[in-house]
Amino acid sequence: MMEGVPTVSRNAPMPATTEDASRVDAVRKWFHEAGRELPWRDGGTSPWGVLVSEIMLQQTPVVRVEPVWHAWMERWPTPAALAASTQADAIRAWGRLGYPRRAKRLWECAVALVERHDGEVPSTLEELRTLPGIGDYTAAAVVSFAFRGRATVLDTNVRRVIGRAWRGEALPAAHQTVAERALAASLVPQDDEGAADWAAASMELGALVCTARVARCDECPLASSCAWLAAGRPGLAEAPRRTQPWHGTDRQVRGRIMAVLRAASSPVNVTGHATLEDVEPGQLDRCLEGLVEDGLVTVVSADRGTYAL
DNA sequence: AACGCGGGGGC
DNA sequence: GCCCCAGCGTT
Numbered sequence: 001m002m003e004g005v006p007t008v009s010r011n012a013p014m015p016a017t018t019e020d021a022s023r024v025d026a027v028r029k030w031f032h033e034a035g036r037e038l039p040w041r042d043g044g045t046s047p048w049g050v051l052v053s054e055i056m057l058q059q060t061p062v063v064r065v066e067p068v069w070h071a072w073m074e075r076w077p078t079p080a081a082l083a084a085s086t087q088a089d090a091i092r093a094w095g096r097l098g099y100p101r102r103a104k105r106l107w108e109c110a111v112a113l114v115e116r117h118d119g120e121v122p123s124t125l126e127e128l129r130t131l132p133g134i135g136d137y138t139a140a141a142v143v144s145f146a147f148r149g150r151a152t153v154l155d156t157n158v159r160r161v162i163g164r165a166w167r168g169e170a171l172p173a174a175h176q177t178v179a180e181r182a183l184a185a186s187l188v189p190q191d192d193e194g195a196a197d198w199a200a201a202s203m204e205l206g207a208l209v210c211t212a213r214v215a216r217c218d219e220c221p222l223a224s225s226c227a228w229l230a231a232g233r234p235g236l237a238e239a240p241r242r243t244q245p246w247h248g249t250d251r252q253v254r255g256r257i258m259a260v261l262r263a264a265s266s267p268v269n270v271t272g273h274a275t276l277e278d279v280e281p282g283q284l285d286r287c288l289e290g291l292v293e294d295g296l297v298t299v300v301s302a303d304r305g306t307y308a309l
């Protein structure tokens, strides 16, 4: 062994310091005082209810999800109930939440739960991760929020909180780094309940206080120890924006086509539809083709140009 | 690693 | 009008 070379692998889990632990505790304490009461946080919510909420919350704010989640759970209280319905009905019930492929995958997920898991939501990261629409974040969130298990829940909120308070960075990079993940993992309390509590608390802090562009540092339980605040909150104005064009894009046209098809109970002649008159025929065809390719839309009659969900 | 994918509310 | 939001799957 060479002198001065660390004997611990760089990939070994880094233990949290006692200061880390006290900061984690501060965020948890704040959460119990200031956290929102959201329906899917109700202790009586089933793992299925938590899973549905997590899929809906992927890139969609809480206020928009809430009413749709209630209606969804009323109609399909179990995976078996949704699996017995059609993909088209799932997409209709999804309404205007956006990214309708999530509705498709949620329906496929329900089918997979019935076929592979006896209609139950599995409780391990590995099993969850194989289900349609469930990636690293959502699998960890279900373990944590539905089963109160220990997982590293690292969403955009938690990344921002850790990035600022621990690393002194204004906004997280586009992609997670190994170091970032290791730091996040090191902060997770050892006990299951503590871990689940920290996951919810750190996300809530990012959602309510440590927000992207207008951080409310005066309300933050980490204000006295935050690396970013101590440095004078640098880099916020220079941080790259993620704004995407909208008006006239394929994205918008796809959404408009889906809105027409959701509202219809029988096949629609999309290319001759009054609502879509202003769309260039070439773009309309391209978007239609893409939606069919994505499995969101079916061709009823190519001759007559009719389509349905 | 980069890209495509909705929609709406806050600022 | 800009900007962000409890990401995922594919290339």
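Numbering of the first sequence is given in UniProt numbering, commencing with residue 1 and proceeding in unit increments. Think of the CB as a built atom: it goes at the ideal place given N, C-alpha and C, for glycine as much as any other residue.
For residue j and residue i, believed in contact at Cβ under 8 Å, the rounded distance
i: CYS210; j: ARG241; result: The pair is not a contact, with the Cβ atoms about 19 Å apart (cut-off 8 Å).
i: TRP69; j: TRP40; result: 7 Å
i: GLU108; j: PRO132; result: 4 Å
i: THR189; j: VAL24; result: Rather than Thr, the amino acid found at residue 189 in this sequence is Pro. PRO189 to VAL24, Cβ: 6 Å. Contact.
i: LEU106; j: ALA81; result: Not really, about 12 Å apart at Cβ, beyond 8 Å.
i: GLY98; j: THR60; result: 6 Å
i: residue 338; j: VAL142; result: Outside the displayed span of the chain (1 to 309) sits residue 338, for which this structure offers no information.
i: LEU309; j: ARG262; result: 7 Å
i: LEU222; j: VAL63; result: Rounded, the Cβ-Cβ distance is 25 Å, inconsistent with contact.
i: LEU291; j: VAL297; result: 4 Å
i: ARG101; j: ASP294; result: 6 Å
i: GLY235; j: ALA170; result: 4 Å
i: ALA146; j: LEU51; result: 7 Å
i: ALA227; j: GLY168; result: 3 Å
i: PRO206; j: VAL158; result: In the sequence under discussion, the amino acid at residue 206 is Gly, which differs from the Pro named in the question. Between VAL158 and GLY206 the Cβ distance is about 6 Å, and since that is below 8 Å, they are a contact.
i: residue 312; j: SER144; result: Residue numbering for the chain in the displayed model covers 1 to 309; residue 312 lies beyond these limits and cannot be assessed.
i: THR271; j: LEU284; result: 6 Å
i: GLU204; j: ARG36; result: 7 Å
i: VAL121; j: ALA83; result: Contact flag wrong, Cβ pair sits at about 13 Å.
i: SER186; j: ALA16; result: 5 Å
i: VAL253; j: VAL260; result: In fact, because the Cβ distance is near 11 Å, the residues do not count as touching under 8 Å.
Which residues DSSP lists as bridging residue i, in chain order
i: TYR307; result: VAL268 and VAL299
Terminal residues of the alpha helix (DSSP H) in which residue i lies
i: GLY255; result: 250 to 263
i: TRP30; result: 18 to 34
i: TRP228; result: 227 to 230
i: ASP285; result: 281 to 293
DSSP-derived helix/strand/coil call for residue i
i: ARG242; result: coil
i: LEU276; result: helix
i: GLY44; result: coil
i: VAL214; result: coil
i: LEU51; result: helix
i: GLU219; result: helix
i: PRO39; result: helix
i: ALA237; result: coil
i: GLY4; result: Per-residue confidence for GLY4 stands at a pLDDT of 36, beneath the threshold of 50, marking its modelled position as unreliable; no derived number is given.
i: HIS247; result: coil
i: SER9; result: Any reading at SER9 needs caution, since the residue's pLDDT is 38, under 50, leaving its predicted position unreliable; the model's value is listed next. Looking at SER9 - three-state DSSP - the assignment turns out to be coil, as it is neither helix nor strand.
Any non-hydrogen atom of the ligand FMN closer than 7 Å to residue i Cβ
i: TRP246; result: For the ligand FMN, the structure offers nothing, since it holds no ligand at all.
Problem set entry | Uninterrupted beta strand (DSSP E) stretches inside the UniProt domain "HhH-GPD" (56 to 208) (no shorter than 3 residues) | none
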